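Chemist:
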Amino acid sequence: MRAQAQDRRQVRQLHNAVPKAQHMVVGRELRRLRKAQGLSQKDAAGLLGVSKYTICRNETGETPCRPDAVLKALQVYRATPEERAHLLEVLDNANRHRWWQESEWRGLAKQKLLTLVTLEEGAQLIRVYDRDRVPGMLQTADYARAVVRLGMPGAPAEEIDKRVQFRLERQARFRESQSARYLCLLDEVTLIRGFGSKEIMRGQLAHLVELSHDPRFSLHVVELSRLDTPTGIGQTMLFDFEEQLLPTVLYEERHESGLVCQEADEVDHRSKGFDRLLNVSLSKKRSQQRIRDRLART
Numbered sequence: 004m005r006a007q008a009q010d011r012r013q014v015r016q017l018h019n020a021v022p023k024a025q026h027m028v029v030g031r032e033l034r035r036l037r038k039a040q041g042l043s044q045k046d047a048a049g050l051l052g053v054s055k056y057t058i059c060r061n062e063t064g065e066t067p068c069r070p071d072a073v074l075k076a077l078q079v080y081r082a083t084p085e086e087r088a089h090l091l092e093v094l095d096n097a098n099r100h101r102w103w104q105e106s107e108w109r110g111l112a113k114q115k116l117l118t119l120v121t122l123e124e125g126a127q128l129i130r131v132y133d134r135d136r137v138p139g140m141l142q143t144a145d146y147a148r149a150v151v152r153l154g155m156p157g158a159p160a161e162e163i164d165k166r167v168q169f170r171l172e173r174q175a176r177f178r179e180s181q182s183a184r185y186l187c188l189l190d191e192v193t194l195i196r197g198f199g200s201k202e203i204m205r206g207q208l209a210h211l212v213e214l215s216h217d218p219r220f221s222l223h224v225v226e227l228s229r230l231d232t233p234t235g236i237g238q239t240m241l242f243d244f245e246e247q248l249l250p251t252v253l254y255e256e257r258h259e260s261g262l263v264c265q266e267a268d269e270v271d272h273r274s275k276g277f278d279r280l281l282n283v284s285l286s287k288k289r290s291q292q293r294i295r296d297r298l299a300r301t
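All residue numbers for the sequence shown refer to our numbering, where the first residue is 4 and numbers rise by one.
#1: So the candidates are F242, L94, E86, S54; which of them puts its Cα closest to the Cα of D71?
#2: Does the beta-carbon of A160 have 16 or more other beta-carbons within 10 angstroms, so that it is buried, or is it exposed?
#3: For K275 versus S221, is the C-beta spacing smaller than 7 Å?
#4: Spatial neighbours of L128 within its chain, please: C-beta separation below 6 Å, excluding the five flanking residues on both sides.
#5: Going by DSSP, what residue range makes up the alpha helix (DSSP H) through T83?
#6: Taking the continuous beta strand (DSSP E) assigned at F220, which residues delimit it?
#7: By how many angstroms is the C-alpha of L214 removed from the C-alpha of N61?
#8: Taking the straight line between their C-alpha atoms, what separation do you get for Q25 and L253?
#9: Skipping 5 residues on each side, what residues in its chain have a beta carbon closer than 7 Å to that of A149?
#10: Can you tell which of R170, F177, R136, L249 has its C-alpha closest to the C-alpha of I195?
#11: Taking the alpha helix (DSSP H) that R37 belongs to, which residues open and close that run?
#12: Please work out which residues of its chain come closer than 6 Å, Cβ to Cβ, to R152, disregarding the five sequence neighbours upstream and downstream, and give them in chain order.
#13: Which residue comes first and which comes last in the beta strand (DSSP E) that contains R196?
#14: In angstroms, rounded to a whole number, what distance separates the CA positions of V212 and R205?
#15: Just to check my reading of the structure: V167 and A144 have Cβ atoms closer than 8 Å, yes? What is that Cβ distance to the nearest angstrom?
#16: Quick one: what's got a C-beta closer than 8 Å to L90's C-beta in the same chain, skipping five residues either side?
#17: From Y56 to R293, what distance separates their C-alpha atoms?
#18: Taking 7 Å as the cut-off, decide whether the C-beta atoms of V224 and T118 are in contact.
#19: Give me whichever residues DSSP pairs with I129 in a beta bridge.
#20: Flag this pair as yes or no: are the beta carbons of E226 and E191 separated by less than 7 Å?
#21: The beta strand (DSSP E) that contains V252, what's its start and end?
#22: Check R5 in the structure and name its three-state DSSP category.
#23: Report the option in I58, H216, G41 whose CA atom is closest to the CA atom of A48.
#24: When you compare only the Cα positions, how much space is there between E269 and D278?
#25: Does DSSP put D190 in a helix, a strand or coil?
#26: Can you look up L122 in the DSSP assignment and give me helix, strand or coil?
#27: Considering only the beta carbon of each residue, do Q207 and Y132 sit closer than 7 Å?
#28: What separation, rounded to the nearest whole angstrom, lies between the Cα atoms of G139 and Q265?
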């Protein structure tokens, strides 16, 4: 029962609850300080005059912590001056206005997409595998438009264009970051089946070849013809952070929702599955050539 309760705290279906990575960092610090005092969530709730539910949501990042609540927690948890200064700095960073909060993206950057963007913003390494399509961070505008249009039949062109522009903005922000890296396992079926038209696929394949020369992008093709390929991990996104910020976070995009998981056993299981798939995938050099070959035949 205790393990199940831990899973409920660390695995979140993203409908109305949207944990932002920055608030997850605040929550992790609060959890660390609470545990250092040997307090359970129930004990802390009693001392702080709130419900255990509130403590749980604060520590997972689902409910942003108010500054006054953080100051009270720092007293109850007997934080040192250094710990106090650090957590207040983390809180200030979490509350800063960010690009996806601009009016031009209003109504678009919400729920599962909001969580995804905040994870992308803070991660040092993003590991991705998608059996259905080229991942969004690698898509051309035309390919992205074809994917969005297929997923939103009947949507007005303006809405589709806005979603495509938001995806391109995410890509631009990632390129502007100095240290973040992107490791992608490209299922070969996504290079063959494609979206849109042959012209769109040629443009997408050429873009992948170009990205394969960028040292920050590691692209590995998962061969379609290989037997016993361990693709059972399904659609996977793993976000690795600086150790003092967050442990590795697992994110899964689902229809009309998403799932974010910080539960250590589940994240470790998925990470090992990702590594097994990486080990049987083509090398960067051979993957580049495979994409070139597919481009020549498209």
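Note that CB positions come from ideal geometry on N, CA and C, so glycine has one too.
Note that the structure is a prediction, hence the values are computed from the model and not measured.
Modeler: In this structure, then:
#1: Stepping through the sequence shown from its first residue, residue 71 is reached at position 68. For the residues F242, L94, E86, S54, the minimum Cα distance to D71 belongs to L94.
#2: Counting from 1 along the sequence shown, the entry for residue 160 is found at position 157. Exposed is the call here.
#3: Within the sequence shown, numbered from 1, the residue matching residue 275 stands at position 272. Within the sequence shown, numbered from 1, the residue matching residue 221 stands at position 218. In this structure, K275 keeps its C-beta atom at 7 Å or more from the C-beta atom of S221.
#4: Here residue 128 is taken as the residue at index 125 of the sequence shown, counted from 1. Within the same chain, and ignoring the five residues on either side of L128 in sequence, the residues whose Cβ sits closer than 6 Å to its Cβ are R184, D243.
#5: For this step, residue 83 is matched to residue 80 along the sequence shown. Here T83 belongs to no alpha helix (DSSP H), and DSSP marks it neither H nor E.
#6: By 1-based counting over the sequence shown, the position of residue 220 is 217. In this chain, the beta strand (DSSP E) harbouring F220 covers 220 to 225.
#7: Numbered from its first residue, the sequence shown carries residue 61 at position 58. Numbered from its first residue, the sequence shown carries residue 214 at position 211. Rounded to the nearest angstrom, the gap between the Cα atoms of N61 and L214 is 39 Å.
#8: For the purposes of this step, residue 25 is taken as the residue at position 22 of the sequence shown. For the purposes of this step, residue 253 is taken as the residue at position 250 of the sequence shown. Computed Cα separation, rounded: 15 Å.
#9: Position 146 of the sequence shown, counting from 1, holds the residue named residue 149. The residues are F198, G199, I203.
#10: The residue labelled residue 195 in the question sits at position 192 within the sequence shown. Selected option, being the one with the closest Cα: R136.
#11: By 1-based counting over the sequence shown, the position of residue 37 is 34. Per DSSP, R37 belongs to the alpha helix (DSSP H) from 24 to 39.
#12: By 1-based counting over the sequence shown, the position of residue 152 is 149. Close CB contacts of R152 within its chain, under the 6 Å cut and outside five residues either way in sequence, are with I163 (chain order).
#13: The residue given as residue 196 occupies position 193 in the sequence shown. No beta strand (DSSP E) contains R196, which DSSP labels as neither H nor E.
#14: Your numbering for residue 212 matches position 209 in the sequence shown. Your numbering for residue 205 matches position 202 in the sequence shown. The alpha-carbon of V212 is positioned some 11 Å away from that of R205.
#15: Mapped onto the sequence shown, residue 167 falls at position 164. Mapped onto the sequence shown, residue 144 falls at position 141. That pair is a contact at about 6 Å.
#16: Along the sequence shown, one-based indexing puts residue 90 at 87. V29, E32, L33, L36, V73, L77, A82, listed in sequence order.
#17: As a first step, residue 56 is located in the sequence shown; it is residue number 53 there, counting from the start. As a first step, residue 293 is located in the sequence shown; it is residue number 290 there, counting from the start. Answer to the nearest angstrom: the Cα atoms are 51 Å apart.
#18: Mapped onto the sequence shown, residue 224 falls at position 221. Mapped onto the sequence shown, residue 118 falls at position 115. If you check the CB distance, V224 and T118 do not come in under 7 Å.
#19: Counted from its first residue, the sequence shown places residue 129 at position 126. In DSSP, I129 forms a bridge with Y185, F242.
#20: As a working note, residue 226 is residue 223 in the sequence shown. As a working note, residue 191 is residue 188 in the sequence shown. In contact: E226 and E191 (Cβ atoms closer than 7 Å).
#21: One-based indexing of the sequence shown puts residue 252 at position 249. If you look at V252, you'll find it in the beta strand (DSSP E) that goes 252 to 257.
#22: Here residue 5 refers to the residue found at position 2 of the sequence shown. Only weak support exists for where R5 lies, its pLDDT of 40 falling under 50; the value from the coordinates is given anyway. The three-state reading of DSSP puts R5 in helix, counting H, G and I together.
#23: Residue numbering aside, residue 48 sits at position 45 when the sequence shown is read from its first letter. The shortest Cα separation from A48 among I58, H216, G41 belongs to I58.
#24: Stepping through the sequence shown from its first residue, residue 269 is reached at position 266. Stepping through the sequence shown from its first residue, residue 278 is reached at position 275. Distance between E269 and D278, taken at the CA atoms: about 14 Å.
#25: One-based indexing of the sequence shown puts residue 190 at position 187. Per DSSP, reduced to three states, the secondary structure at D190 is strand.
#26: Your numbering for residue 122 matches position 119 in the sequence shown. Here L122 sits in helix by DSSP.
#27: Here residue 207 refers to the residue found at position 204 when the sequence shown is read from its first residue. Here residue 132 refers to the residue found at position 129 when the sequence shown is read from its first residue. It is not a contact, given that the beta carbons lie outside the stated cut-off.
#28: Numbered from 1 along the sequence shown, position 136 holds the residue referred to as residue 139. Numbered from 1 along the sequence shown, position 262 holds the residue referred to as residue 265. C-alpha of G139 to C-alpha of Q265: approximately 23 Å in a straight line.
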